[in-house]
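S.K.: According to this note's numbering, numbering within the sequence shown proceeds without interruption in unit steps and concludes at 492. By construction, the Cβ of each residue, glycine as well, lies at the ideal position given by its N, Cα and C atoms. So that we are looking at the same thing, I have put the structure below in C-alpha cells.
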Amino acid sequence: MKKLYVLLFTLLTLNITNAQWINQYSIPENPLFSVCFTDTNNGFVVGYDNNIYKGLMLRTTDGGTNWINKNLDVLHALNSIFFVNSNIGYAVGDSGIIIKTTDSGLNWNSQFITPKDPLCSVYFIDSNNGYTVSTNGDILKTTNGGSNWTTKYIGEPLFSIYFTDINTGYAVGYDNQNSCGLIIKTTDGGINWSKQNSNNLNCFYSVYFVNSYNGFVVGSCGTILKTTNGGVNWINQTSNVSKALRSVYFINSNSGYICGGSYPNSIILKTINGGANWMYQNPEVLNTLNSIFFVDSSTGYAVGFGAILKTTNSGQWVEEKNKKENVKIYPNPVSTQLTIETTQLTKENTLTVLNINGQELIRQLIKYEMTLIDVTNLTSGIYFVKITTDKTVEVKKIIKQ
92 MKKLYVLLFT
102 LLTLNITNAQ
112 WINQYSIPEN
122 PLFSVCFTDT
132 NNGFVVGYDN
142 NIYKGLMLRT
152 TDGGTNWINK
162 NLDVLHALNS
172 IFFVNSNIGY
182 AVGDSGIIIK
192 TTDSGLNWNS
202 QFITPKDPLC
212 SVYFIDSNNG
222 YTVSTNGDIL
232 KTTNGGSNWT
242 TKYIGEPLFS
252 IYFTDINTGY
262 AVGYDNQNSC
272 GLIIKTTDGG
282 INWSKQNSNN
292 LNCFYSVYFV
302 NSYNGFVVGS
312 CGTILKTTNG
322 GVNWINQTSN
332 VSKALRSVYF
342 INSNSGYICG
352 GSYPNSIILK
362 TINGGANWMY
372 QNPEVLNTLN
382 SIFFVDSSTG
392 YAVGFGAILK
402 TTNSGQWVEE
412 KNKKENVKIY
422 PNPVSTQLTI
432 ETTQLTKENT
442 LTVLNINGQE
452 LIRQLIKYEM
462 TLIDVTNLTS
472 GIYFVKITTD
482 KTVEVKKIIK
492 Q
C-alpha cells in the first residue's frame, strides 16, 4: 500500500502539477514544532537541535528565503512560539521553560521554569494576559506580561490553548480518566474550566477559533471537529485521512488549513467553505508536519521533522499549461456520475479510483473513448482517477461533493 501511495503522488507530480508547497529549509535530523510570523518578512520557527542537544530557534527576515539559527542557550526543546505584536513574543518548551523577547526576536530572556512541566502551547490575548499548557495537565496564566505566572491544575494532558477574548478560552488534549478527547472551556479568564462533550475517543492536538462562535479542533486518526455555538456542540467532520492532524489555522471564516501526517504520508488539508469539505494538498516532504501558519490569504508556512514548507499561492495545484491533455474528466467537482474521455486507447486500458491513502475503491476496463463512472457511493472528499494503458499512466485529481 505504501508503494502504491508513493507511486500515486509521483505520478501526480509528473503528470499534473508543479509543487504548491516548496521545501525552503531541510534539516532532517532536527524536529520543528511551531511556526509564527509577525509580517510577510519576519518569522520564527522553534524545535530541537539534535546535534548539540539544545532548543532550536530559526529566524527569517526575508519571507523565508534565508533562515538564521538564533543559537539560543536553551537546554530543552522549544514546542510553541507566539507573538503578541511585532516586538513582543514568547516561546515555551520542555522542562517548563518560558522565554520572552521585547525587541522583535533579537534577544530572548528566560522567564520561568517549572522542572516537571513540558509546556506545549502558548497564547497571549494582549501584551499582559497570556496562557500556556503542559502535558502534565497544568494551565499557567500571567497578567503582567510573564513577570509572574500562576498555575491551575487540570490533571489531564493538554496540547493546545486558544482564547477568543479576555474571558473565554479553550484548551484541548486527552481525558485519561474517560479515555477520550478532552476539550475544556473557561468563561472567567481561566479561573474555572469545564469539560465539553465531543463524543470522540481520539486525542486532540490543536484548537483554533475563527470568532467567538466558530471553532475547530483536530487530533489523532484524522479527527476534525467543528463548533458553531461556542463549544456547546462539537460536530465531527470528514477528513478522509487516518493519520494524526496536529495543527489547524484559519485565514477567515471560510478558508482554513490543517497539517499533520506521519512518515511517509505528510498531510495538508484545505477548506474554502468553513470546513464543510476538506481538500488534500500535496506537500513536498514525507515527514510529520507539526504546525501551520498563514501570513495572508496566499502565503503560508508549515513545519515538521526536518523541513520548512512555504506556499505563495494558497497551496493550489499549478497545472502545466503546455502539456497535451490526453484525458478529460468532468464534472469536477462531481456528485453522482463522472465522465472520462481519453484519446489514447490501446489493448490494455484500466481505470481506477483511489482515495488519498492510495486505497483502490473502483476499477474497470476502458473500452471506449467515453466512459461513465458511478461515484454516488463515495463519501465527500478528494480522490484520484488513474488511467493505465500499456504505454502510459495518467492521474487526475477529483473532488466528490
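Where does Gly391 sit, in a helix, a strand or coil, going by DSSP?
M.R.: Residue 391 sits at position 300 when you count from the first residue of the sequence shown. In this structure, Gly391 counts as strand in the three-state DSSP scheme.
S.K.: Pairing CB atoms from the region 394-402 with CB atoms from the region 310-326, are three or more of them under 8 Å?
M.R.: As far as the Cβ criterion goes, the region 394-402 does not touch the region 310-326, which means the pair count is below three.
S.K.: Three Cβ pairs or more, each shorter than 8 Å: is that satisfied between the region 443-456 and the region 299-312?
M.R.: With the cut-off at 8 Å, the region 443-456 and the region 299-312 do not touch.
S.K.: Tell me which residue opens and which closes the beta strand (DSSP E) that Cys211 is part of.
M.R.: Locating residue 211 in the sequence shown gives position 120, where the first residue counts as 1. Counting along the chain, the beta strand (DSSP E) containing Cys211 begins and ends at 210-215.
S.K.: Arg337: buried (16+ other C-beta within 10 angstroms of its C-beta) or exposed?
M.R.: Numbered from its first residue, the sequence shown carries residue 337 at position 246. Burial call: buried.
S.K.: Quick one: what does DSSP say Ser311 is sitting in, helix, strand or coil?
M.R.: One-based indexing of the sequence shown puts residue 311 at position 220. Ser311: helix per DSSP, three-state reduction.
S.K.: I need the straight-line Cα distance from Gly138 to Leu163, nearest angstrom please.
M.R.: In the sequence shown, residue 138 corresponds to position 47, counting from 1. In the sequence shown, residue 163 corresponds to position 72, counting from 1. Those two C-alpha atoms are separated by around 11 Å.
S.K.: With respect to the beta strand (DSSP E) encompassing Ala182, which residues constitute its N-terminal and C-terminal limits?
M.R.: As a first step, residue 182 is located in the sequence shown; it is residue number 91 there, counting from the start. Note, Ala182: beta strand (DSSP E), 180-184.
S.K.: Where do the ends of the beta strand (DSSP E) carrying Pro424 lie?
M.R.: Numbered from its first residue, the sequence shown carries residue 424 at position 333. Per DSSP, Pro424 belongs to no beta strand (DSSP E) and is neither H nor E.
S.K.: Asn160: which of Glu451, Leu149, Ala168 sits nearest, CA to CA?
M.R.: Counting from one through the sequence shown, the residue named residue 160 turns up at place 69. Of Glu451, Leu149, Ala168, the residue nearest in Cα terms is Leu149.
S.K.: Quick one: what's Ala398 bridged to in DSSP?
M.R.: Here residue 398 corresponds to residue number 307 of the sequence shown, with the count starting at 1. Ala398 is bridged to Ser117, Gly395.
S.K.: Taking its Cβ as the centre, do 16 or more other Cβ atoms sit within 10 Å of Tyr144, making it buried, or is it exposed?
M.R.: Translated into the one-based positions of the sequence shown, residue 144 becomes position 53. Flag for Tyr144 reads exposed.
S.K.: From Tyr474 to Glu485, what does the alpha carbon distance come to, in whole angstroms?
M.R.: Within the sequence shown, residue 474 is the residue found at index 383, counting from 1. Within the sequence shown, residue 485 is the residue found at index 394, counting from 1. Between Tyr474 and Glu485, the C-alpha separation is close to 14 Å.
S.K.: Relative to the alpha-carbon of Ile252, which residue among Val126, Tyr299, Asp266 has its alpha-carbon at the smallest distance?
M.R.: Working through the sequence shown from its first residue, we reach residue 252 at position 161. Selected option, being the one with the closest Cα: Tyr299.
S.K.: Closest to Thr462 by CA distance: which of Pro209, Glu451, Cys312, Ile420 is it?
M.R.: Here the question's residue 462 lines up with position 371 in the sequence shown. Of the candidates Pro209, Glu451, Cys312, Ile420, the one whose C-alpha sits nearest the C-alpha of Thr462 is Ile420.
S.K.: Are Ile204 and Ile230 closer than 9 Å when you measure CB to CB?
M.R.: Here residue 204 is taken as the residue at index 113 of the sequence shown, counted from 1. Here residue 230 is taken as the residue at index 139 of the sequence shown, counted from 1. No, these two residues do not count as a Cβ contact at 9 Å.
S.K.: Can you name, in chain order, every residue of its own chain whose Cβ lies under 6 Å from the Cβ of Ile107, other than the five neighbours on each side?
M.R.: Numbered from its first residue, the sequence shown carries residue 107 at position 16. The predicted position of Ile107 is uncertain, since its pLDDT is 36 and thus under 50; a value taken from the coordinates is nonetheless stated next. Nothing listed; no residue qualifies.
S.K.: State the CB to CB distance for the pair Val386 and Phe128, rounded to an integer number of angstroms; the pair is presumed to be in contact (CB under 8 Å).
M.R.: Counting from 1 along the sequence shown, the entry for residue 386 is found at position 295. Counting from 1 along the sequence shown, the entry for residue 128 is found at position 37. The pair is a contact, with the Cβ atoms about 5 Å apart (cut-off 8 Å).
S.K.: Output the distance between the C-alpha atoms of Glu411 and Ile383, rounded to the nearest integer angstrom.
M.R.: On the sequence shown, residue 411 is found 320 positions in, with the first residue counted as 1. On the sequence shown, residue 383 is found 292 positions in, with the first residue counted as 1. In this prediction, Glu411 has a pLDDT of 38, which is less than 50 and means its spatial position is unreliable; nothing more can be read from the coordinates.
S.K.: To the nearest whole angstrom, what separates the beta carbons of Met370 and Ile490, a pair I think is in contact under 8 Å?
M.R.: For the purposes of this step, residue 370 is taken as residue 279 along the sequence shown, with counting starting at 1. For the purposes of this step, residue 490 is taken as residue 399 along the sequence shown, with counting starting at 1. Contact flag correct, Cβ pair sits at about 6 Å.
S.K.: Taking the Cβ atom as the reference point for each residue, do Gly260 and Gly237 lie within a distance shorter than 9 Å?
M.R.: Here residue 260 refers to the residue found at position 169 when the sequence shown is read from its first residue. Here residue 237 refers to the residue found at position 146 when the sequence shown is read from its first residue. Cβ distance not < 9 Å, so Gly260 and Gly237 don't count as in contact.
S.K.: What span of residues does the beta strand (DSSP E) with Asn170 cover, start to end?
M.R.: As a working mapping, residue 170 is identified with position 79 in the sequence shown. Unbroken beta strand (DSSP E) run through Asn170: 169-174.
S.K.: With a 10 Å radius around its C-beta and 16 neighbouring C-beta atoms as the bar for buried, classify Leu169 as buried or exposed.
M.R.: On the sequence shown, position 78 is the one that residue 169 refers to. Flag for Leu169 reads buried.
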